[in-house]
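In my numbering, the protein residues as written are 17 to 268.
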C-alpha cells in the first residue's frame, strides 16, 4: 500500500465520512478521495449541501457516493452500516465528523437540546459498535472521530457539545481497546476554533489569537491532515489517542 501527499494509503479502499458534506468532514473526504478511496458521504438533512459536496469531489476526479441516514438514531446507524455491508462488503476507513451544536449556558432550561447534541456525537460509534468489529477491514481498519477542545476546556455557551465530545473521547478509548485485537485502530482528533468555521466576535477572536502560539487559527484542511495521518498504515500503533489541532492554544 502506498500513500499520496500525506493522505492514507487508500487506493481502492472504501471510506465512510459521517458528516462529510461540509467543514472538517468535507476536507477529510477530499483527502481520502485524492488518495484513491471510494468515499461514501453521509448526511442527514441538507440535500443541497450533499449534492454540492458530491459534485465537488467528482469534479476533482474522485469516486463518491451519497448515503443519507440520521446517525443520531440507532436505526439510522444500523441501516447505514448494513447498506455498506450489502453494497461493498467491508469498510476500510470511518471518519466521524458530524456534530450538532445548540449554544446555551449550562443552566439553560432547554436541556433537551443537549441530549440531541450527545446523540449525534456518540451515536455512530455507540450504535454501530456491534457491527464495526466485523465490517472494518482486519489489520488496516481505521476509525477516526473528530472531537473538540471544548471536551476538556470550558468554552462559554458550549456545555452541550462539550459534554457530548467528552463522551465521544471516552467512547473512542473503550472502542480502541475492544477493536485493537481485530486489527482496527480507533483514535480521535480534537479541533480548536477553526478559521474557516462560523463567525466569531472580534473580542473573542483577539483573545484566542493572543494565547495561540502560532498567532492564527487552524484551518479545516489542517485538521483533515491529522485525520488523514491517523488513517495511514504507519499509524497502526496508535490506539485510543486524541490528537489536538489548535495551533498550540491548549498549552497556555
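All residues carry an ideal CB built from backbone N, CA and C; glycine is no exception.
All values derive from a computational prediction rather than experimental measurement.
Over what stretch of residues does the alpha helix (DSSP H) that includes residue i continue unbroken?
i	result
residue 190	175 to 196
residue 224	218 to 226
residue 159	No alpha helix (DSSP H) holds residue 159; the beta strand (DSSP E) holding it covers 157 to 164.
residue 96	90 to 103
residue 107	Note, residue 107: premise wrong, no alpha helix (DSSP H); not H, not E.
residue 168	Per DSSP, residue 168 belongs to no alpha helix (DSSP H) and is neither H nor E.
residue 50	39 to 50
Where do the ends of the beta strand (DSSP E) carrying residue i lie?
i	result
residue 260	258 to 261
residue 236	Residue 236 -> not in any beta strand (DSSP E); alpha helix (DSSP H) instead, spanning 236 to 247.
residue 75	It is not in any beta strand (DSSP E) - residue 75 instead sits in the alpha helix (DSSP H) that spans 63 to 75.
residue 34	30 to 34
residue 54	54 to 59
residue 207	200 to 207
residue 267	No beta strand (DSSP E) holds residue 267; DSSP gives it neither H nor E.
residue 82	79 to 84
Please list, in chain order, all residues of the same chain as residue i whose beta carbon is under 8 angstroms from its beta carbon, the five residues on each side excluded.
i	result
residue 264	228, 229, 230
residue 3	Residue 3 cannot be examined here, being either before or after the span of the chain that is shown, 17 to 268.
residue 232	211, 225, 263
residue 194	145, 149
residue 68	37
residue 222	none
Considering only residues of the same chain and omitting the five flanking positions on each side of residue i, which have a CB-CB separation below 7 angstroms?
i	result
residue 66	37, 57, 59, 82
residue 252	201
residue 181	137, 163, 164, 166, 167
residue 23	Annotation note: pLDDT 45 at residue 23 (below 50); position unreliable, no value reported.
residue 196	255
residue 257	203
Sorted by chain position, which residues of the same chain lie with C-beta nearer than 6 angstroms to residue i's C-beta, five sequence neighbours on each side aside?
i	result
residue 104	30
residue 216	none
residue 259	205, 242
residue 34	58, 87, 112, 114, 140
residue 154	198, 199
residue 100	107
residue 62	none
residue 43	236, 237, 240
residue 54	30, 79
residue 186	none
residue 21	Note that residue 21 has pLDDT 43, beneath the 50 cutoff, so the model's placement of it is unreliable and no number is given.
residue 192	202, 255, 256
residue 41	33, 35, 113
Given a cut-off of 8 angstroms, decide if residue j and residue i are closer than it, judged by their beta-carbon atoms.
i	j	result
residue 210	residue 244	no
residue 46	residue 76	yes
residue 254	residue 246	yes
residue 183	residue 149	no
residue 238	residue 220	no
residue 188	residue 178	no
residue 110	residue 159	yes
residue 14	residue 121	Residue 14 lies beyond the stretch modelled for the chain, which goes from 17 to 268, so this question has no answer here.
residue 151	residue 73	no
residue 39	residue 173	no
| query | Is the stretch 81 to 98 touching the stretch 56 to 66 in the sense that three or more CB pairs, one from each, lie closer than 8 angstroms? | reply | yes
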